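The sequence shown maps to residues 125 to 183 in the numbering used here. Glycine residues also receive a C-beta, built at the ideal position from the N, C-alpha and C atoms. All values derive from a computational prediction rather than experimental measurement.
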Amino acid sequence: MGRMEGTLGFDVYGTLIDPGAIVPVLKTPVGERAETLAEFWRAKQLEYSFRRGLMRNYR
């Protein structure tokens, strides 16, 4: 019988890491737009992860 391989996936964001925790750090360079920037950045992370998954491009 062949060797079985498995994969374990774990959602880090929201479980161990708060993506909104960067907002206070962003306030110095971007001011009141910090929260908007953090939300935009997170949305792009999710979008690009989704696209790479569709392309089967896992690096």
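{"Asked": "If you follow the alpha helix (DSSP H) that Met179 is part of, which residue opens it and which one closes it?", "Found": "Ala158 to Met179"}
{"Asked": "Given a cut-off of 7 Å, decide if Leu150 and Leu161 are closer than it, judged by their beta-carbon atoms.", "Found": "yes"}
{"Asked": "Following the continuous alpha helix (DSSP H) through Val147, name the residue where it begins and the one where it ends.", "Found": "Val147 to Val154"}
{"Asked": "Would you report the Cα separation of Leu170 and Gly130, rounded to the nearest angstrom?", "Found": "24 Å"}
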